[in-house]
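Residue numbering for the sequence shown follows this note's numbering, beginning at 15 and increasing consecutively. One structure below.
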Amino acid sequence: MTWQLQLPRGGVLELDRRPRVMGVLNITPDSFSDGGLWLTPERAVEHGLAMVEAGADIIDLGAESTRPGGGVYGAGARELSAAEELERLLPVLEALRERLDVPISVDTRKGEVAREALAAGADLINDVGGLTAPDLVAEVAAAGCPVVVMHSRGELGSMQRGIRFEDVTREVADELAAAMARAGEVGVARSQIIVDPGIGFGKTGRQNLELLGDLAPLQALGRPVLVGASRKSFIAEVSPATPRERLGGSLAAVAWAAHQGAAMVRVHDVMATAQFLRLWNAIDSAGGST
Ligand code: HH2
């Protein structure tokens, strides 16, 4: 199975069931694992270039943390105005665009930020709101760009409280299907959508594990699947560790994603993940029967 997503600047993002590496670049003071590290534009650009050098196929740029509140992450992230988000984002995006050929995705929940980012050379929009914000959906439809539709329920500030799923894999897939259908009605082409189960967004640790262990209902939607489990706290629930000590657990999640044919993994540790996947693929090509 291969997918060809049309990029707004021309060209195609080709995906298949061997995961591409999406490197996380958070230009935020408050992200849970790398907040504050790449806050100056110079350091952010340097880190973006280094991730591509280390094997990233795509860079995901985020200027607003989406850390959920009400649970393991304390009070959660502070919500930014579109102007504040753009002020952080644009200098880094513009500098990276000049120097990078790989697709650049922008992680935002705001239509205005999506519009300005696409005008400044972003290739796709990563929406952790799951296409629920009408202004963002309208911008994505107007641009015709690829979009990551991540599953989440409720508001970031409260989504870790009162979590209820009867059958998490089935319900996440059904809710993503409904989001795609709603977006389709206002002009977002299904052929431009990447789906994401939203690991850590309004789910318990156990539910995150169940989602990672069974991507089949998501694959059945017929769209490429992106998995973002890197350094998340459910890893520490199984094996206690600080965010930066969670590489082993993050790679276990990448292994399960690769085994089930995910098209992309969103990670902080690009070099280790790229090496892991190269070996995975080499063993597979040599006749491994996983
Ligand atoms: N997770 C985070 C942010 N954006 N986007 C997608 N598509 N999938 C994810 O799983 C996902 C995401 C949270 O991780 P991070 O960016 O490291 O932290 P923060 O939100 O605190 O900036």
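Every residue gets a Cβ at the ideal spot worked out from N, C-alpha and C, and that includes glycine.
Any non-hydrogen atom of ligand 1 closer than 6 Å to M164 Cβ: For the purposes of this step, residue 164 is identified with residue 150 of the sequence shown, where counting begins at 1. M164 has its CB nearer than 6 Å to a heavy atom of ligand 1.
Cα-Cα separation, G216 to P82: Sequence index remark: in the sequence shown, residue 216 carries index 202 (1-based). Sequence index remark: in the sequence shown, residue 82 carries index 68 (1-based). Going by the C-alpha atoms only, they are around 8 Å apart.
Short CB-CB distance (under 7 Å) between G219 and chain B: Looking at the structure shown, chain B is missing, and only one protein chain is on hand.
Cβ-Cβ distance between P117 and I177 below 7 Å: Within the sequence shown, numbered from 1, the residue matching residue 117 stands at position 103. Within the sequence shown, numbered from 1, the residue matching residue 177 stands at position 163. No, Cβ-Cβ distance for P117 and I177 is not below 7 Å.
Presumed contact (8 Å Cβ cut-off) between P231 and R184, rounded CB distance: Locating residue 231 in the sequence shown gives position 217, counting from the first residue. Locating residue 184 in the sequence shown gives position 170, counting from the first residue. A Cβ-Cβ separation of about 6 Å places P231 in contact with R184 under the 8 Å criterion.
Complete runs of the alpha helix (DSSP H) confined to the stretch 174-213 [at least 4 residues]: 182-199, all fully within the stretch 174-213.
DSSP-derived helix/strand/coil call for I118: For the purposes of this step, residue 118 is taken as the residue at position 104 of the sequence shown. Here I118 sits in strand by DSSP.
Unbroken beta strand (DSSP E) run spanning T16, endpoints: Residue numbering aside, residue 16 sits at position 2 when the sequence shown is read from its first letter. It spans 16-20 - the beta strand (DSSP E) in which T16 sits, taken as one unbroken run.
Contact test: D283 Cβ vs ligand 1 heavy atom, cutoff 6 Å: In the sequence shown, counting from the first residue as 1, residue 283 sits at position 269. The answer is no for D283.
Same chain only: Cβ atoms within 6 Å of P55, ignoring 5 sequence neighbours per side: The residue you call residue 55 lines up with position 41 of the sequence shown. Taken in chain order, the residues that qualify are P105, V106.
Rounded C-alpha distance that separates E98 from E67: Reading the sequence shown from its first residue, position 84 is the one you call residue 98. Reading the sequence shown from its first residue, position 53 is the one you call residue 67. Straight-line Cα distance between these residues: approximately 29 Å.
Helix, strand or coil at R34 according to DSSP, with G and I counted as helix: Translated into positions along the sequence shown, residue 34 becomes position 20. DSSP places R34 in the strand class (E or B) of the three-state scheme.
Proximity test, R123 beta-carbon vs ligand 3 heavy atom, cut-off 6 Å: In terms of ligand content, the structure shown lacks ligand 3 and carries ligand 1 instead.
Cα-Cα separation, D210 to S253: Counting from one through the sequence shown, the residue named residue 210 turns up at place 196. Counting from one through the sequence shown, the residue named residue 253 turns up at place 239. Each residue's Cα considered, the two are about 24 Å apart.
For D149, the first and last residue of its enclosing beta strand (DSSP E): Residue numbering aside, residue 149 sits at position 135 when the sequence shown is read from its first letter. Unbroken run through D149 is the alpha helix (DSSP H), 148-157; no beta strand (DSSP E).
Alpha-carbon spacing of A277 relative to D30, whole angstroms: Within the sequence shown, residue 277 is the residue found at index 263, counting from 1. Within the sequence shown, residue 30 is the residue found at index 16, counting from 1. Distance between the alpha carbons of A277 and D30: 6 Å.
Sequence-distant residues of the same chain with beta carbon closer than 8 Å to L223, five excluded per side: Reading the sequence shown from its first residue, position 209 is the one you call residue 223. The residues are F248, V252.
V162 and I208 closer than 7 Å at C-beta: Numbered from 1 along the sequence shown, position 148 holds the residue referred to as residue 162. Numbered from 1 along the sequence shown, position 194 holds the residue referred to as residue 208. Yes; because the gap between Cβ atoms is below 7 Å, this pair is in contact.
Touch test, the stretch 43-52 against the stretch 150-166, Cβ-Cβ under 8 Å, three pairs minimum: As far as the Cβ criterion goes, the stretch 43-52 does not touch the stretch 150-166, which means the pair count is below three.
Cβ pair D137, L21 closer than 7 Å: As a first step, residue 137 is located in the sequence shown; it is residue number 123 there, counting from the start. As a first step, residue 21 is located in the sequence shown; it is residue number 7 there, counting from the start. When the beta-carbon positions are compared, D137 and L21 come within less than 7 Å of each other.
Check whether I41 and A64 have beta carbons under 7 Å apart: Position 27 of the sequence shown, counted from the first residue, corresponds to residue 41. Position 50 of the sequence shown, counted from the first residue, corresponds to residue 64. No.
C-alpha gap between V35 and W17, whole angstroms: As a first step, residue 35 is located in the sequence shown; it is residue number 21 there, counting from the start. As a first step, residue 17 is located in the sequence shown; it is residue number 3 there, counting from the start. Put simply, the backbone Cα of V35 is about 16 Å away from that of W17.
Completely contained beta strand (DSSP E) runs for the stretch 48-104, where each covers 3 or more residues: Within the stretch 48-104, the complete beta strand (DSSP E) runs of at least 3 residues are 72-76.
Cutoff 8 Å; reference M15; Cβ partners in own chain excluding five residues on either side: As a first step, residue 15 is located in the sequence shown; it is residue number 1 there, counting from the start. Only D30, R31, G275 meet the Cβ criterion.
For E28, the residue or residues it bridges with in DSSP: Numbered from its first residue, the sequence shown carries residue 28 at position 14. According to the DSSP secondary-structure assignment, E28 is paired through a beta bridge with Q18.
Rounded straight-line distance, which links the Cα of V26 to that of G242: By 1-based counting over the sequence shown, the position of residue 242 is 228. By 1-based counting over the sequence shown, the position of residue 26 is 12. Looking at the two C-alpha atoms, the distance is approximately 22 Å.
Closer than 6 Å: I139 CB and nearest ligand 1 heavy atom: Locating residue 139 in the sequence shown gives position 125, where the first residue counts as 1. No, the beta carbon of I139 sits no closer than 6 Å to any heavy atom of ligand 1.
Beta-carbon proximity check, L261 vs F290, cutoff 7 Å: By one-based count along the sequence shown, residue 261 stands at place 247. By one-based count along the sequence shown, residue 290 stands at place 276. Taking 7 Å as the Cβ cut-off, L261 and F290 do not qualify as a contacting pair.
Limits of the beta strand (DSSP E) - the one that I331 falls within: The chain is shown from 15 up to 304; residue 331 falls before or after that span and cannot be answered.
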